[in-house]
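Visitor: Got a structure here, written out as structure tokens. Questions coming.
In my numbering, the protein residues as written are 9 to 351.
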């Protein structure tokens, strides 16, 4: 029976990098009996069109030649004994959608590959992504939204949904933070340890530069403020996609020298105050629940009954800047160009 390795993310665990490695080494993987199909990966590098096919009313991108039927016919007929599928958007699927996917994979031996990340380390990344898509929520408020709005930060809920339909024994859980701590390549680890194929770093082509590098937190806070000003002055709830793209190009052009000039306008609050204790307690409860239920499925636990090292909360800084200060920033010569374009 063919094996299907379904890599479902989670978001912000290096999935784009992994998909880049899988794509760049597609022929090498096929020579080792692993197929990373082109079909379903028409947009970017992952099988997002396949994942979106199970989400109601979710449009595909560049999916004119894609269909679920074609995809499953392909993996049924391909010569490789192992099929590798990857999209972080699989972690959006709910129980009914996962069940439909399970039925389509009934003739395969399925392994669900899940990379998890220490939630505090992921918070910045999630907030950054939200701001890039027009969010105006301050970081300290965003921290507490995770208590009310379950996301991939509550990786226990994602594991519960997938194990409810596929079973616990099919889960292959990898701790992203621990791989970074050990200087392991996250994609190569997946191929060697999870898929159990004989491949070394000398056999693969790895990206020469980082993928999806995090934006400086000062820039993100400035963008958040610009989002708010844009929405208020244009009486709109949405931000045009070109807004972030042009700002990103501007920041890249100006470099870190401009970012350093922002420091005089910023103050920072650390996350070691009592108000954040409910957040830490929530994350600790999630970790304990995952260890108790899924500990045997974790490949690289930090230590017995410890998924990952808890980061020092003093190292987490929340940027603070008031509306008057942001107006001063907007009057800087360096952002005058940006202001003229958008405001």
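Glycine included, C-beta positions come from ideal geometry on N, C-alpha and C.
1. What does DSSP give as the partner residue(s) for residue 94 in the beta ladder?
2. Have a look at the DSSP bridge pairing and note the partners of residue 179.
3. Here's the rule: buried if 16 or more other CB atoms are within 10 angstroms of the residue's CB, otherwise exposed. What is residue 90?
4. Please state whether DSSP places residue 213 in a helix, a strand or coil.
5. Let me know the secondary structure DSSP gives residue 268 once reduced to three states.
6. Where does the unbroken alpha helix (DSSP H) through residue 81 begin, and where does it stop?
7. Counting Cβ pairs closer than 8 Å, one from the stretch 221-240 and one from the stretch 139-155, do we hit at least three?
8. May I have a chain-ordered list of the alpha helix (DSSP H) segments no shorter than 4 residues that lie completely inside the stretch 236-309?
9. Can you give me the Cβ contacts of residue 110 inside the same chain, cut-off strictly under 7 Å, excluding the 5 residues immediately before and after it?
10. Look up residue 195 in the DSSP assignment and give the residues it is bridged to.
11. Classify residue 119: buried if its beta carbon has 16 or more other beta carbons within 10 angstroms, exposed otherwise.
12. Please return the same chain residues whose Cβ sits closer than 7 Å to the Cβ of residue 327, not counting the five positions on each side in sequence.
13. Would DSSP call residue 139 helix, strand or coil?
14. Who are residue 43's beta bridge partners in DSSP?
15. Residue 326 bridges to which residues according to DSSP?
16. When you compare each of 301, 243 and 319 to residue 280 by their alpha carbons, which one comes out closest?
17. Would you please verify whether the beta carbon of residue 271 is less than 8 Å from any beta carbon of chain D?
18. Identify the residues that DSSP records as bridge partners of residue 314: which are they?
19. Just to confirm my understanding: we take residue 155, look at its own chain, exclude 5 residues before and 5 after, and list those with CB closer than 8 Å. What are they?
20. So is residue 4 buried or exposed if we call it buried at 16+ other beta carbons inside 10 Å?
21. Determine, using beta carbons only, whether residue 31 and residue 53 come nearer to each other than 8 Å.
22. Give the straight-line distance between the Cα atoms of residue 203 and residue 122, rounded to the nearest whole angstrom.
23. I'd like the span of the alpha helix (DSSP H) that includes residue 106, first residue to last.
24. Count the other CB atoms within 10 Å of the CB of residue 244; is the residue buried (16 or more) or exposed (fewer)?
25. Please name the residue, chosen from 194, 87, 206 and 231, that lies closest to residue 214 on a Cα-to-Cα basis.
26. In its own chain, which residues sit with a C-beta less than 6 Å from the C-beta of residue 180, not counting the 5 before and 5 after it?
27. At what residues does the alpha helix (DSSP H) containing residue 169 begin and finish?
Guide: In short:
1. Residue mapping note: residue 94 aligns to position 86 of the chain shown, counting from 1. Paired residue(s): 15.
2. Within the chain shown, residue 179 is the residue found at index 171, counting from 1. Its beta-bridge partners are 120.
3. Taking the chain shown and counting its residues from 1, one reaches residue 90 at position 82. Classification for residue 90: buried.
4. Sequence index remark: in the chain shown, residue 213 carries index 205 (1-based). Residue 213 falls in the coil class under three-state DSSP.
5. Your numbering for residue 268 matches position 260 in the chain shown. It is helical.
6. Looking up residue 81 in the chain shown gives position 73. It spans 76-85 - the alpha helix (DSSP H) in which residue 81 sits, taken as one unbroken run.
7. yes
8. 249-269 and 285-302
9. Within the chain shown, the letter at position 102 stands for residue 110. Counting only Cβ-Cβ distances below 7 Å, and skipping sequence neighbours, we find 173 and 174.
10. Working through the chain shown from its first residue, we reach residue 195 at position 187. In DSSP, residue 195 forms no bridge with anything.
11. Counting from 1 along the chain shown, the entry for residue 119 is found at position 111. Its Cβ being crowded by 16 or more others within 10 Å, residue 119 is buried.
12. Numbered from its first residue, the chain shown carries residue 327 at position 319. Answer for residue 327: 147, 225, 226, 229, 274 and 276, listed in chain order.
13. The residue labelled residue 139 in the question sits at position 131 within the chain shown. Of the three classes helix, strand and coil, the one that applies to residue 139 here is helix, per DSSP.
14. On the chain shown, residue 43 is found 35 positions in, with the first residue counted as 1. Paired residues: 91.
15. Counting from 1 along the chain shown, the entry for residue 326 is found at position 318. Partner(s): 277.
16. Locating residue 280 in the chain shown gives position 272, counting from the first residue. Of the listed residues, the one whose Cα sits closest to residue 280 is 319.
17. Chain labels in this structure do not include chain D; a single protein chain is all it has.
18. As a position in the chain shown, residue 314 is number 306, starting the count at 1. DSSP, once it has assigned bridges, lists 311 as partnering residue 314.
19. If you number the chain shown from 1, residue 155 lands on position 147. Only 286, 287 and 290 meet the Cβ criterion.
20. This structure gives no information on residue 4, because the portion of the chain shown stretches from 9 to 351.
21. For the purposes of this step, residue 31 is taken as residue 23 along the chain shown, with counting starting at 1. For the purposes of this step, residue 53 is taken as residue 45 along the chain shown, with counting starting at 1. Taking 8 Å as the Cβ cut-off, residue 31 and residue 53 qualify as a contacting pair.
22. Here residue 203 refers to the residue found at position 195 when the chain shown is read from its first residue. Here residue 122 refers to the residue found at position 114 when the chain shown is read from its first residue. Spanning the two alpha carbons is a distance of roughly 13 Å.
23. Taking the first residue of the chain shown as 1, we reach residue 106 at position 98. From DSSP, the alpha helix (DSSP H) with residue 106 extends over 103-112.
24. Reading the chain shown from its first residue, position 236 is the one you call residue 244. Exposed is the call here.
25. Against the chain shown, residue 214 aligns to sequence position 206. Looking at the Cα atoms, 194 is the closest of the given residues.
26. On the chain shown, residue 180 is found 172 positions in, with the first residue counted as 1. Same-chain partners within the cutoff: 119, 121 and 202.
27. Taking the first residue of the chain shown as position 1, residue 169 is located at position 161. Taken as a continuous stretch (DSSP letters only), the alpha helix (DSSP H) holding residue 169 covers 163-174.
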